[in-house]
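J.:
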Amino acid sequence: MFDIDDYFTDFMKNEKIFEDRDVLRPEFIPSILPHRDLQVKRIAEIVACTLKNSMPSNIFIFGKTGTGKTAVVGHVSERLNYQCRKAGITESQWIFLNCQEVNTGYRILAKICAEIDPNDPVPIAGWPIDVIFDKLVEKLDKFVEGICFLVLDEIDILVKNTKKSHDVLYNLARINSRLKKGRVNLIGISNVLNFKSALDPRVLSSLGEEEIVFPAYNAMELSDILRQRAQKAFNENALDDSVIPLCAALAAKEHGDARKALDLLRKAGELAERRNTLTVTSDHVYFAQADIEKDKMQEYCEALPLQSKTILLSIYHMQKYRGEQAIITGDIYNAYSEISTMVPGLNKLTQRRVSELIRELDLSGMVNARVKSNGRYGRTKFIKLNIPLNDTSKYLKNERRLNELINYRPICVGQKTIQHNGTKFRKLA
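Below, the structure written as structure tokens:
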């Protein structure tokens, strides 16, 4: 039996591998950013005019994940404000927002207001956009004396979510015409190189931006980054000489992502630490890579109850044989009713219970269940797999009782009606 107290006691007695493992985390911004001098210089050249009380151009930054975009902007913001303090100039205010987390125009405006004036936050919902925008103008004039740099990380997600986001970006790009004291500069960061093609022409015209592209790192550059971080992260002689080149080579081969390379190195160190070894070796790197690349969706699927797997198989069949046609809960229940009779030891569930299990699959991310209003005809739930058909088939083949049904074609696939509580209805879509 595992004794957790003994484990913690022994762990504290072991010699440390890490000096500071947080140095290997993506939030850490080093004072020197290897192989990003050109990008730092470009951004510094654009924002330097703020030191002479001038307004810089808006900036769009493009590049794959893990190429140092956000880190470089953070680094430039720190150095610019340091120079402001040194020269006795009013510091610029920098607001960093990740559009993956704050993903609507309303929430963007509310978050900016909260950052500028935490004592008077705007409600997270309920106000008209024009009212909250007026509030933002008021707060900028009241609390911002110099320039407020608004950094929108993953800005492409904001644009894709809603057309109203175009109006928010348009108004933010033109907000300086309404300000008496403060001024706003926009910096957009995106992983999508052709992101601008999705923008409204009015927004593009108003932005008047500079563009900077961040290339992916190669193996030698990743080695330099890892070596710099490892000096602070690990104790002396804790790394075998092969570890850093191997981590860099594996990351460069797959994606050139510095964030994943650092994650791989940290994971290898943690595996060595858990096994009570004093040195991180290449074996730990390979084990760490296998753990990182483990298919979490497959692991989740294999742990599902048989009923949920059967419902997932029903969705798989409907999507496989119906193609792009809309799939609703009634379709899934018809397929499930047919398939459940062929699964040994499986009791048939009610349609209400099947709908609840579909909702659970939706929460897990395996399926997408979207509810659409049909006016006086009520609301309909449309269901679609969130994972490729081939992957779904592979996951379900590991279930012995469903293996032979993977290639089965349900009779209900070609029917033009659905059945509910013994009554047949013609499909709406």
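Mind the numbering: the sequence shown is residues 1006 to 1434 in the numbering used here, read in order. Idealized CB from N, CA, C, for every residue including glycine.
1) Going by DSSP, what residues sit across from residue 1384 in a beta bridge?
2) In three-state DSSP terms, what is residue 1009?
3) Among the residues of its own chain, which have a CB less than 8 angstroms from the CB of residue 1267, if the five just before and after it don't count?
4) Compare the Cα-Cα distances from residue 1346 to each of 1062, 1189, 1316, 1078 and report the closest residue.
5) Please go through the same chain and pick out, in chain order, the residues whose beta-carbon is closer than 6 angstroms to the beta-carbon of residue 1096, but skip the five residues on each side of it.
6) Tell me whether residue 1433 is buried or exposed, calling it buried when 16 or more other Cβ atoms sit within 10 Å of its Cβ.
7) Kindly indicate which three-state DSSP category residue 1188 falls into: helix, strand or coil?
8) Quick check: what's the CA-CA separation for residue 1340 versus residue 1196?
9) Is residue 1178 near residue 1208, with beta carbons less than 9 angstroms apart?
10) Around the Cβ of residue 1190, are there at least 16 other Cβ atoms within 10 angstroms (buried) or fewer (exposed)?
11) Which residue from 1080, 1022, 1112 puts its Cα closest to that of residue 1245?
12) Rounded to whole angstroms, what is the Cα-Cα separation between residue 1141 and residue 1052?
13) Buried or exposed for residue 1321, going by 16 or more other Cβ atoms inside 10 Å?
14) Three-state secondary structure (DSSP) at residue 1373?
15) How would you write the range of the beta strand (DSSP E) that residue 1244 sits in, first residue to last?
16) Between which two residues does the alpha helix (DSSP H) containing residue 1054 stretch?
17) Can you round the beta-carbon distance between residue 1187 and residue 1214 to whole angstroms, since I take them to be within the 8 angstroms contact cut?
18) Output the boundary residues of the alpha helix (DSSP H) element that contains residue 1304.
19) Among residues of its own chain, excluding the 5 on either side of residue 1325, which ones have a beta-carbon nearer than 7 angstroms to its beta-carbon?
T.: In terms of the structure at hand:
1) Answer is 1378.
2) Correct three-state label for residue 1009: helix.
3) Excluding positions up to five away in sequence, the list reads 1029, 1030, 1031, 1230, 1231, 1234.
4) Comparing alpha-carbon positions, the option among 1062, 1189, 1316, 1078 lying closest to residue 1346 turns out to be 1316.
5) 1086, 1089, listed in sequence order.
6) At residue 1433, the pLDDT of 48 sits below 50, so the modelled position is not reliable and the matter cannot be decided from this model.
7) In the structure shown, residue 1188 sits in a strand (DSSP, three-state: E or B).
8) If I take the Cα positions, the gap works out to 40 angstroms.
9) Their beta carbons are under 9 angstroms apart, which means residue 1178 touches residue 1208 by this criterion.
10) In this structure residue 1190 is buried. Its beta-carbon is surrounded by 16 or more other beta-carbon atoms within 10 angstroms.
11) Nearest of 1080, 1022, 1112 to residue 1245, Cα basis: 1022.
12) For residue 1141 and residue 1052, the gap between their C-alpha atoms comes out near 23 angstroms.
13) Counting Cβ neighbours within 10 Å, residue 1321 comes out buried, since at least 16 surround it.
14) Residue 1373 sits in a strand when the DSSP states are folded into three classes.
15) Note, residue 1244: premise wrong, no beta strand (DSSP E); not H, not E.
16) Secondary structure note for residue 1054: it is in no alpha helix (DSSP H), with a DSSP letter that is neither H nor E.
17) That pair is no contact at about 20 angstroms.
18) Counting along the chain, residue 1304 sits inside the alpha helix (DSSP H) bounded by residues 1301–1307.
19) So the qualifying residues of the chain are 1394.
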